[in-house]
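Everything on this sheet refers to the single structure shown next.
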Amino acid sequence: MKPAAFAYAKARSLRDAITLLGKHKKGARLLAGGQSLIAALNMRLDAPSVLIDINGIEGLDEIHLKKGWVEIGALVRHSQALHSPIIAKHVPLIAKALPHIAHPAIRNRGTIGGSIALADPAAELPACLVALGGEAVITGPKGKRTVKADNFFKDLFETALGPRDVLTAIRVPVASSESRFGFAEICRRRGDYAIVGLATSARVKDKELSDIRLVYFGIGSKPERARKAEAALVKGKIDAAVAALDDDLDPHDDVQATGATRRYLAGVLLKRIARELAEVRL
Amino acid sequence: MSELSCAIMITVNGEEMRATVEARKTLVDFLREDLGLTGSHIGCEHGICGACTVRVDGTIVRGCLMLAVQCDGARVDTIEGVSDTGEIGDLQEAFQKRNALQCGYCTPGMLLTVQELLAKGGVPSREAIREHISGNYCRCTGYHAIVDAVESVAHARAGGKS
Ligand SMILES: Cc1cc2nc3c(=O)[nH]c(=O)nc-3n(C[C@H](O)[C@H](O)[C@H](O)COP(=O)(O)OP(=O)(O)OC[C@H]3O[C@@H](n4cnc5c(N)ncnc54)[C@H](O)[C@@H]3O)c2cc1C
Ligand code: FES
Ligand code: FES
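Chains V and L supply the protein sequences, listed in that same order. Going by my numbering, the letters in the first sequence line up with residues 1 to 282, in that order. Going by my numbering, the letters in the second sequence line up with residues 1001 to 1162, in that order.
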């Protein structure tokens, strides 16, 4: 048995979860898929006093199409999302990203909400949410609120979620015939966290690209938008866009790769994706 | 209510039982220590190696990343169960025939993982087989023989020759 002792409480409803969070304060953690949390507990990186299990709270594991948006419940598991016809049709960027997340057994448990709430800088879904201009739907003691993805991810593993908040869903705009998406990542083994990855969205109208969002993951403390590269790419200047990454990104060294390698790979991914997006100009 | 220990009702390999488990006890520890079902192995205990793979309510999970208390009301199948029912007899035979195991440490997890893929029907490509076992480390075989074994069973189940 590896984790330090903790108590277990099964939340019967959203309100129950929020009440329990208030009661146990700093020692409490929400347990969703557990695919990151229990690993952290096994390694004793964290030692909470109580886990509040939110699995089974009704209504949080659904995927809905609502007035131009797709709403994905926080407890939707990666494998459920991977097989969802709504996501395949209306959110192709997330459909492209999902097979890169971990392995089948982990995708059977891990949740969309857990990935977003954890905000691992190397994770695919936070970058996709930013690239899509999506939103996080949160319920806390004072009720429900919505936070734009651009404002949700604050810093390393830090989000707009407060200690008594539950992320209940993410919302992303439905893809239109003008939408274009690109997704690529580099990792050593299929399913590993990316060394560097890139999620992009753009619009194409009359063969012109606009509204490009280039969002890197695995290369900073949170999903990083490469704004100067975006500006160059709108003008069709791929080499200039790659050069602009020097200003846009501040890659770190770690056991997987040096910052210089990451910077180089970021350019490789940009070229790959730029070609994909450029095909629309033909 | 929050408790350090909880009473659960769990069905393991078809047998319904009640147990009291410490909240921090992982499913694989419960199976091995409390029930003596040591066919599910423990490698890394943080989700990387796949040695602990078991089935909960019909889908494979990491036994080290799920708590036993979370299995209250659940149906759990381990390698012992699927061996006894004969569900994976053909896979076990193919693994043996094609040297898809050496030390055998990864094998229970590997078998349950590939059974999930094959249960979908059809004959997956070698690429799809590799993708499906990407989360299961084998430090002996080099995977090639495992892919061969899985492929041959897929063909056999689909009615072709192995
Ligand atoms: C071997 C391995 C490889 C992996 N590879 C990848 C990968 O390539 N890419 C990737 O993105 N992920 C990867 N993961 C992580 C996996 O995707 C996790 O499922 C995910 O990061 C967390 O989701 P979870 O539901 O398991 O959350 P949990 O582990 O249950 O929770 C994670 C954190 O989020 C909090 N939380 C969870 N849900 C909510 C909520 N609704 N509201 C507020 N807070 C909440 C928890 O309190 C906890 O702090 C990997 C995991 C493993 C073990
Ligand atoms: S022991 Fe569970 S994945 Fe390694
Ligand atoms: S047979 Fe030894 S680890 Fe796979």
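Backbone N, C-alpha and C fix where the C-beta goes; we use that ideal spot for every residue, glycine too. Every value quoted in this text rests on a predicted model; they were computed, and no experiment measured them.
With H, G and I counted as helix, E and B as strand and the rest as coil, what does DSSP make of residue i?
i         : result
V:ARG281  : Low local confidence applies: a pLDDT of 46 at V:ARG281 is under 50, so the model's placement there is unreliable, with the coordinate-based value given in what follows. Three-state result, V:ARG281: helix.
V:GLY286  : Nothing can be reported for residue 286 of chain V: it is not among the residues displayed for chain V, which extend from 1 to 282.
L:ALA1100 : coil
V:ILE219  : coil
L:GLU1033 : helix
L:HIS1046 : coil
V:TYR8    : strand
V:LEU270  : helix
V:ALA127  : helix
L:ILE1079 : helix
L:ARG1062 : strand
L:SER1162 : Any answer about L:SER1162 is weak, because its pLDDT of 45 lies below 50 and its placement is not dependable; what the coordinates show is given next. The answer is coil: DSSP assigns L:SER1162 none of H, G, I, E or B.
L:ASP1072 : coil
V:LEU181  : Correcting the residue type first, residue 181 of chain V is Phe in the shown sequence and not Leu. DSSP places V:PHE181 in strand when its eight states are reduced to three.
L:MET1110 : helix
V:VAL196  : strand
V:ASP155  : strand
V:THR258  : coil
V:HIS64   : strand
V:ALA47   : coil
V:LYS205  : strand
Can you list the residues of chain V that residue i reaches, using a CB-CB cut of under 7 Å?
i         : result
L:GLY1047 : GLN35, ALA39, ILE106
L:LEU948  : Nothing about residue 948 of chain L can be reported from this structure: the residues present for chain L run from 1001 to 1162 only.
L:THR1059 : ASN108
L:SER1134 : HIS103, ARG189, ARG190, GLY191
L:SER1131 : It is Glu, not Ser, that sits at residue 1131 of chain L in the sequence shown. Under the 7 Å cutoff, chain V gives ARG190.
If the cut is a Cβ gap below 7 Å, which residues of chain L does residue i touch?
i      : result
V:PRO3 : ARG1024
Considering only the alpha carbon of each residue, which of the options lies closest to residue i?
i         : options                                    : result
L:THR1085 : L:GLY1135, L:ARG1055, L:GLY1014, L:ILE1008 : L:GLY1014
V:GLN35   : L:GLU1087, L:ALA1158, L:GLY1063            : L:GLY1063
V:ARG180  : V:ALA169, V:ILE170, V:LYS207               : V:LYS207
V:ILE63   : V:THR19, V:ILE106, V:THR168, V:LEU31       : V:THR168
L:LEU1027 : V:LYS2, V:LEU60, V:ALA28, V:LEU45          : V:LYS2
V:ILE195  : V:LEU14, V:ARG275, V:PRO251, V:PRO85       : V:PRO251
V:ALA202  : V:LYS89, V:LYS154, V:ILE273                : V:ILE273
L:GLY1104 : L:ILE1008, L:GLU1003, L:ARG1139, L:LEU1037 : L:ARG1139
V:ILE18   : V:ILE101, V:TRP69, V:LYS144                : V:LYS144
V:ALA40   : V:LEU20, V:ALA4, V:ALA9, V:LEU14           : V:ALA4
V:VAL204  : V:LYS96, V:ARG190, V:GLY236                : V:GLY236
L:CYS1106 : L:THR1011, L:ALA1156, L:THR1038, L:ILE1010 : L:THR1038
V:ILE106  : L:MET1066, L:GLY1121, L:GLY1142            : L:MET1066
V:ALA97   : V:VAL268, V:ARG190, V:LEU30                : V:ARG190
Taking a contact to mean a Cβ-Cβ separation below 8 Å, would you say residue i touches residue j in this structure?
i         : j         : result
V:ALA11   : V:ILE54   : yes
L:SER1005 : V:HIS103  : no
L:ASN1099 : L:ALA1145 : yes
L:ILE1060 : V:ASN108  : yes
V:ALA199  : V:LEU51   : no
V:GLY182  : V:GLU124  : no
V:LEU270  : V:VAL242  : yes
V:ALA136  : V:PHE152  : yes
V:ILE87   : V:GLY134  : no
V:GLY27   : V:PRO48   : yes
V:ALA149  : V:ARG213  : no
V:ARG225  : V:VAL215  : yes
V:GLY59   : V:GLY73   : yes
L:SER1040 : L:PRO1108 : yes
V:GLY220  : V:LEU265  : no
L:GLU1151 : L:ARG1130 : no
L:LEU1112 : L:VAL1153 : no
V:ALA32   : V:LEU20   : no
Note down, in chain order, every chain V residue with its Cβ under 9 Å from the Cβ of residue i.
i         : result
L:GLU1116 : PRO104, ALA105, ASN108
L:GLU1127 : Chain V residues near L:GLU1127: none, gap ~10 Å exceeds 9 Å.
L:THR1113 : HIS103, PRO104, ALA105
L:THR1011 : Under the 9 Å cutoff, chain V gives no residues; its nearest Cβ is about 17 Å from L:THR1011.
Taking Cβ-Cβ distances shorter than 8 Å, what residues in chain L pair up with residue i?
i        : result
V:ASN296 : Nothing in the structure corresponds to residue 296 of chain V, since chain V is present only between 1 and 282.
Give the residues of chain V in contact with residue i, contact being defined as C-beta atoms less than 8 Å apart.
i         : result
L:MET1066 : GLY34, ILE38, ARG109
Comparing the CB of residue i with every heavy atom of ligand 5, is any distance shorter than 7 Å?
i        : result
V:ALA123 : By its list of ligands, the structure shown excludes ligand 5, since it contains just ligand 1, ligand 2 and ligand 3.
### Query
Can you list, in chain order, the residues of the stretch 183-213 of chain V whose Cβ is nearer than 8 Å to any Cβ on chain B?
Among the protein chains of the structure shown, namely V and L, there is no chain B.
### Query
Can you find at least 3 beta carbon pairs, one from the stretch 1087-1095 of chain L and one from the stretch 1028-1048 of chain L, that sit closer than 8 Å?
no
#### Entry: Three-pair Cβ contact test at 8 Å for the stretch 148-166 of chain V versus the stretch 184-193 of chain V
no
### Query
On the three-pair Cβ rule with 8 Å, is the stretch 1112-1132 of chain L touching the stretch 1046-1064 of chain L?
yes
### Query
Counting pairs of beta carbons, one from the stretch 1074-1088 of chain L and one from the stretch 24-40 of chain V, are three or more of them closer than 8 Å?
no
### Message
Is it the case that the stretch 75-85 of chain V contacts the stretch 1014-1024 of chain L, given that we only count it when at least three CB pairs across the two stretches are under 8 Å?
### Response
no
#### Entry: contact_flag[the stretch 123-143 of chain V, the stretch 161-173 of chain V] where n(CB pairs < 8 Å) is 3 or more
yes
### Query
Should the stretch 249-269 of chain V be regarded as contacting the stretch 1042-1053 of chain L, the criterion being three or more beta carbon pairs within less than 8 Å?
no
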